[in-house]
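Take any residue in the first sequence, note its place counting from 1, add 55, and you have its number in our numbering.
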Amino acid sequence: MIANVIVDVASQNTNRPFDYEIPEKFEGIVQPGVRVIVPFGPRKILGYVISLSETSSFSSVKKITDVLDVIPTLTEELLHLGKWLSNYTLSYYISCLQVMLPQVMKAKYRKELWKLTDEPLQSALDAVFDGRGVMDFEEFEQSGVSYHVLRKHMNEGEVDVHYEVKSRETKKLKPMVAPALSPIEMEEKLEDLSPQARKQRAIVEYFLQQPDPLEKKLLLDKLQTTSAALKPLVEQNVIKEYKQEVFRDPYGGREFKRTTPFALTEEQETAIQPILSRIENQQHDVFLLHGVTGSGKTEVYMQSIQQVLDNGEEAIMLVPEIALTPQMVERFKGRFGSKVAVLHSALSAGEKYDEWRKIQRREVQVVVGARSAIFAPFTNIGLIIIDEEHETSYKQEDRTRYHARDVAVQRAKTHNCPVVLGSATPSLETYARAVKGNYQLLTLSKRMNEAVMPEVELVDMREELHSGNRSMFSIPLKEKIEERLARKEQIVLFLNRRGYSTFVMCRDCGHVSECPHCDIALTFHKRQNRLKCHYCSHEEPMPEKCPECESKTIRYFGTGTQKVEEALQELIPEARIIRMDVDTTRKKGAHERLLTQFGEGKADILLGTQMIAKGLDFGNVTLVGVLAADAMLNLPDFRASEKTFQLLTQVSGRAGRHEKSGEVVVQTYTPEHYSIELASTYDYEQFFQEEMKLRKAFRYPPYYYLTLFTISHPNQLKAEEATRKITMFMQQKLSQQAYVLGPTPSALARINNRYRYQCMVKYKKEPEQRKFVERILHYYEDEMKQENGLQITVDFQPYQLM
DNA sequence: AGCACGCCGACT
DNA sequence: GTCGGCGTGCTC
């Protein structure tokens, strides 16, 4: 039998199966989806068996060296999905297979030098071995001994280069004990035991009471004894000791309050019926659940999942990384208990692996996770939910550039199951499809508990400035904050930091400190008093005086959360503030701890960035303030308005979710902008209409699809030239209906000393496009191999345009 | 990707 | 001659 293997070498030439003979001892074990170690040239590498065949068209095939899995790591479905993904993102098959798996399943390679003789080597190499039989190949390379010497020894058969492949995964094992004999034999043994052996007696008696295996430590604790008493029993084969894999449980030992399904409102009932019917009939369909914040989308999700579980099927629920808060996990664990696995980036590599294995071993039926959880190795999927469907984090922005929504639809089609996309502010793409009838639109227009959407007040910061208020807090916001403080209610202040980083500028000559390798201003980090670049690793001390004009008036500008916190504290000294940003939440568990503190009322004001916009649900929050609503509006991104509308709506949704009604203050320099105005009246429909007009006029999605080429090279002319060639080629090949724009310097024109140019394609239908792109990539293959050569990335349906 | 092989110039 | 550097082509 022959195994067709995709090897762990990401390159154009190896992007196809290689054939290997299956040794007799592995017959029946080697099957599609299994990971194997195979000889590849002089080395040994990891590979994935994708299929089996009787014969090979190759004259000589090597044998599989080793098999790593008993259960296939990838199901047949995932193997196919990987192939599809590779086609759809134009990336290597092997990269697609790897993107579906936890990081630890990637192979670790080691290259060693083995000494095969006991005699000393007649060269300097002997000293490098220093009496050892094995050493790291790197040691040899650093020793300065020449390759010719090595070659000579290898020809003499005295040393050999040894390649090793290791799996990174580590399984945690715990010692277990269980009876090794039948109860009757145990009874007999009990009589044989000497009367002095009281503890041994106790152990045997224990297992006569209950013969189930249990953790060794637990048994010894229970019977108040030590291994000393167990040992003779093990030696006499009465008790057996063995190790069992334990799963690291990131939520281990925590009690989750059981929750039971709520009675659905009429609206929820209407929305859930079509979903349930598709689940029942095993029918594929895509639903858009458009529900205002606080309308109870989660309850609809959970009851749909319950239906799936009752049918003996499995469910995947995606949530944006940032919304994967403890509150969210709690709700799911509370409802579905141990049936849930959680996958997100805050877990350690080992924890992620264990959660993944729980899925693989069918120990759970529900997965709640961020983007990559869409690849959960379930075999019987009955429902896929994508919450906050408009979130850009569902798009992977590097290497295998996929959108989880597309993968979800792909998987749902193979499993004949529905997909539910949920959002209060759907992406234009999705809503347009719902309007067209491609997706089924389900609407929840009312909040639960009869709560109303909070009143939004727009404050024109230009007027504030004119009336002499130069601080970042408007008079109305300050007054409302004080009001809440007096009433012992809580406040959430949201700072949209994007485009507002703290940069350093000289007040005399206007000099701005920039990164020497990237075309971007350096960011000031107060704690270390240093300037850092956010795109490369460059950093430097904060200058004492301006490097240009030597003036001492060099200062930092912009509005970081830290600075806002200081200003706020100065303005309202009695306020207790919790600041949440990347700095204060870096440590593990910090995020959760800060939220818990806020929830317990240990602070009055929660001040933070994007990360507080989602999923927070605190009853005592009655005021939400947005400090700079238009911060994002001027970014070079055709989705800027959409993102602003979404963000304002999400943030407003944090207020007045329970009995107490809420209020929102939005500070802006452009209150007349439609995205801000319409967000203040919660008018999604109107916003959609306005935005669609612009998208149509400027030929952007959802009217057109986009393809973005980003080409970079240390030499600016080379980058531009290559981009020009690519642009012309695409212009030539694509139809008249496509628009090919370029070469354009990227909004980030230089990163890490590489100049970046772009070519953008806007098109409606170009079935052959991928073929042309492949040709381009093939054409530049050699130039892309070099370390300082050309770099070309292609993104179909890009979200990040910079 | 990472390795061997082979060609070429520099140096004992 | 011998050594090391780098371009080329292959891996079942």
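Yeah, the Cβ is synthetic: ideal placement off N, Cα and C, and Gly gets one too.
With a threshold of 16 other beta carbon atoms within 10 Å, S707 meets it and is buried. For L733, the enclosing alpha helix (DSSP H) covers residues 729-735. Looking at the DSSP output, C561 sits in a beta bridge with I609.
Every unbroken stretch of the beta strand (DSSP E) spanning 3 or more residues and falling wholly within the segment 598-662 is given here in chain order: 609-611, 632-635. Around the beta carbon of M687, 16 or more other beta carbons lie within 10 angstroms, which makes this residue buried. Taking a contact to require three or more Cβ pairs closer than 8 Å, the segment 291-309 and the segment 390-409 qualify as touching. Annotation note: the segment 375-443 contains the following uninterrupted beta strand (DSSP E) runs of length 3 or greater, listed N- to C-terminal: 395-398, 421-424, 436-441. In this structure, DSSP gives A162 an extended state, which the three-state scheme calls strand. Secondary-structure assignment with DSSP links A233 through a beta bridge to K295. In the structure shown, M56 falls within a coil segment according to DSSP collapsed to helix, strand and coil. By the Cβ-count criterion, S568 is buried, with 16 or more other Cβ atoms from all chains shown falling within 10 Å of its own Cβ. In the structure shown, E219 adopts extended strand secondary structure according to DSSP, grouped into three states.
For L364, the enclosing alpha helix (DSSP H) begins and ends at 352-365. Beta bridge pairing from DSSP links T281 with no other residue.
In the three-state scheme derived from DSSP, where H, G and I count as helix and E and B as strand, Q771 is classed as helix.
Counting the other Cβ atoms within 10 Å of the Cβ of F262 gives 16 or more, which makes it buried.
With respect to R466, I429 sits close: the two C-beta atoms are nearer than 9 Å. Taking a C-beta distance under 9 Å as the contact criterion, T469 and L476 do not qualify as a contact pair.
By the neighbour-count criterion, in which 16 or more other beta carbons inside 10 Å mark a residue as buried, A179 falls on the exposed side. Secondary structure note for K99: its beta strand (DSSP E) is the uninterrupted segment 98-108. Residue environment: I239 is assigned as exposed (fewer than 16 neighbouring CB atoms within 10 Å of its CB, all protein chains considered). For T485, no beta strand (DSSP E) encloses it; the enclosing alpha helix (DSSP H) starts and ends at 483-491. At a Cβ-Cβ threshold of 9 Å, T120 and G88 do not count as neighbours.
Straight-line spacing of the CA atoms in M372 and D672 works out to 20 Å.
Three or more Cβ pairs drawn from the segment 166-186 and the segment 216-235 lie within less than 8 Å of each other, which places the two stretches in contact. Distances from the CA of F95 to each of K80, P72, S106, S108 were compared; the closest alpha carbon is that of P72. In the DSSP assignment, K227 forms a beta bridge with V301. S526 and N689 have their C-alpha atoms spaced approximately 22 Å apart. Per the coordinates, the alpha-carbon of M516 lies some 28 Å from the alpha-carbon of K748. Taking Q153 as the centre and dropping the five residues before and after it, the same chain places the C-beta of K161 closer than 7 Å to its C-beta, in chain order. Looking at the backbone, the Cα of L133 and that of R417 are separated by about 16 Å. Exclusion of the five residues before and after Q86 leaves V104, L107, P127 as the residues of its chain whose Cβ lies within less than 8 Å of its Cβ. The closest CA to that of I633, considering only K642, G644, Q617, L626, is found on Q617. DSSP, reduced to helix, strand and coil, places V85 outside both helices and strands of the structure shown, so it counts as coil. Counting every other CB atom within 10 Å of its CB across the protein chains shown gives S735 a total of 16 or more, marking it as buried.
Contact check for D685 against Y737 fails: the beta carbons are separated by 9 Å or more.
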